[in-house]
Amino acid sequence: MKRKATYFLVFAAVAAVTFAISMPVRASEADDGIVSSFKNTYVCKTYLKDDAVKIVAKDGAVTLTGTVAEESHKALAQETAASLAGVTRVDNQLVTKAEVAAEKSDTWIGRKVKLALLVHRSVSYAKTTVEVKDGIVTLKGEAASMAQKELTTEYAKDIESVKEVKNEMTVAATPAPAERTAGEKLDDASITAQVKIALLTHQSTSAVKTKVETRNGVVTLTGIAKNATEKSLVTKLVSDIQGVTSVKNEMTVEEVKTK
1 MKRKATYFLV
11 FAAVAAVTFA
21 ISMPVRASEA
31 DDGIVSSFKN
41 TYVCKTYLKD
51 DAVKIVAKDG
61 AVTLTGTVAE
71 ESHKALAQET
81 AASLAGVTRV
91 DNQLVTKAEV
101 AAEKSDTWIG
111 RKVKLALLVH
121 RSVSYAKTTV
131 EVKDGIVTLK
141 GEAASMAQKE
151 LTTEYAKDIE
161 SVKEVKNEMT
171 VAATPAPAER
181 TAGEKLDDAS
191 ITAQVKIALL
201 THQSTSAVKT
211 KVETRNGVVT
221 LTGIAKNATE
231 KSLVTKLVSD
241 IQGVTSVKNE
251 MTVEEVKTK
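Per this note's numbering, the very first residue in the sequence shown carries number 1; after that it's consecutive.
Below you can see the structure in the form of structure tokens.
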């Protein structure tokens, strides 16, 4: 009897474990079936074949992510997934390519403008709010002076893809003291990094071939400029970088080839 009882208990334990394991396996198989069914639908193979639609199913709940060519494709994917056997609900996170492009464009512009304001000491990154809509940049906040307000506009305009700059910043009644003096608490590596980023960020200098070296806050520039104006512009931008004490611009001006 004891032996039979022991066998029964062992069998029951094994059966319980097997049942517990089989449940998620079956659920997983059902979810895999949903994904497979969606990918084999006429809608997916015909209308959505050139779209980047990703489908994930978990316990019957379907999530759609990725990009589609147009709004109608989002609805087609939604209704197709919802009609599949075993689907309990659909979370449609699909976006159109136009929506992605517009969002990335404005987001990218905003980040570039903020980065330009961050590394330049003559403008106030902390007191400037940057908003971008359809390539139009709106600046808000407070400028220490009219000169600072105008320079903020100038830096924002020099960012690629900016169509227009609306500067709605107010000017402080009493000019605020400089937040940081030239060269204060900045190591040479950080200064060099900021200079390189600034030159790449500004549209007017992004294509300039410039080598940057910094020693005790003194920045030495070498490389090739297209003309004297471009060389002067590089000096002007670099001189306004946080931590730069002085600039030695040793860039050569590219010779104009005559036919």
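All C-beta atoms in this analysis are idealised placements derived from N, C-alpha and C, irrespective of residue type, glycine included. Treat the numbers as computed from the prediction; the structure is a model and nothing was measured.
**Prompt:** Using DSSP with H/G/I as helix, E/B as strand and the rest coil, what is residue 214?
**Reply:** Correct three-state label for residue 214: strand.
**Prompt:** In whole angstroms, what is the alpha-carbon distance linking residue 94 and residue 140?
**Reply:** Cα atoms of residue 94 and residue 140: separation of roughly 33 Å, rounded to the nearest angstrom.
**Request:** Determine the DSSP secondary structure at residue 91, reduced to helix, strand or coil.
**Result:** strand
**Prompt:** For residue 158 versus residue 204, is the C-beta spacing smaller than 8 Å?
**Reply:** yes
**Message:** Assuming residue 76 and residue 34 are in contact, meaning their beta carbons sit under 8 Å apart, how far apart are those beta carbons, in whole angstroms?
**Reply:** Not quite, the Cβ-Cβ distance comes to about 17 Å (not below 8 Å), so this is no contact.
**Asked** In whole angstroms, what is the alpha-carbon distance linking residue 182 and residue 196?
**Response** Residue placement at residue 182 cannot be trusted, given a pLDDT of 43 that sits under 50; what the coordinates show is reported in the next sentence. Looking at the two C-alpha atoms, the distance is approximately 18 Å.
**Message:** Could you compute how far the alpha carbon of residue 289 sits from the alpha carbon of residue 148?
**Reply:** In this structure the chain extends from 1 to 259, so residue 289 is not present and cannot be described.
**Asked** When DSSP labels each residue in this structure, what does residue 247 get in the three-state scheme?
**Response** Residue 247 falls in the strand class under three-state DSSP.
**Item:** Best match in 222, 106, 167 for proximity to residue 150 [C-alpha to C-alpha]
**Value:** 167
**Prompt:** If residue 73 sits next to residue 47, beta carbons under 8 Å apart, how far is it from one beta carbon to the other, in whole angstroms?
**Reply:** 6 Å
**Asked** DSSP state of residue 240, grouped into three classes?
**Response** coil
**Asked** Which residue's Cα is closest to the Cα of residue 81: 70, 36, 96, 120?
**Response** 36
**Request:** Measure the Cβ-Cβ separation of residue 117 and residue 201 and say whether it is below 8 Å.
**Result:** Cβ atoms of residue 117 and residue 201: not closer than 8 Å.
**Prompt:** Between which two residues does the alpha helix (DSSP H) carrying residue 46 extend?
**Reply:** 42-46
**Request:** Return the CA-CA distance between residue 229 and residue 238, expressed in angstroms with no decimal places.
**Result:** 14 Å
**Request:** Quick one: using the 10 Å Cβ neighbour count with 16 as the cut-off for buried, is residue 22 buried or exposed?
**Result:** Low confidence applies here, because residue 22 scores a pLDDT of 48, under 50, leaving its location unreliable; read the following figure in that light. That one is exposed.
**Prompt:** Among the residues of its own chain, which have a CB less than 6 Å from the CB of residue 52, if the five just before and after it don't count?
**Reply:** The residues are 66, 67.
**Message:** Please tell me whether residue 91 and residue 62 are closer than 8 Å, where the distance is taken between their beta carbons.
**Reply:** yes
**Prompt:** Is residue 228 helix, strand or coil by DSSP?
**Reply:** helix
**Request:** Using only alpha-carbon positions, find the residue among 64, 112, 131, 250 that is nearest to residue 96.
**Result:** For residue 96, the closest of 64, 112, 131, 250 by C-alpha to C-alpha distance is 64.
**Message:** Between which residues of its own chain and residue 216 is the CB-CB distance below 6 Å, once the five residues before and five after are set aside?
**Reply:** Closer than 6 Å at Cβ, skipping near neighbours: no residue.
**Request:** Could you pull the start and end residues of the beta strand (DSSP E) that residue 164 belongs to?
**Result:** 164-167 is the extent of the beta strand (DSSP E) around residue 164.
**Span separating the alpha-carbon of residue 101 from that of residue 135** = 12 Å
**Item:** Proximal residues to residue 129 (C-beta, below 6 Å), its chain only, five neighbours per side dropped
**Value:** 140, 141
**Item:** Test item: CB-CB of residue 208 and residue 227 under 8 Å
**Value:** No, they are not a contact pair.
**Message:** Please state whether the Cβ-Cβ distance between residue 110 and residue 87 is less than 8 Å.
**Reply:** no
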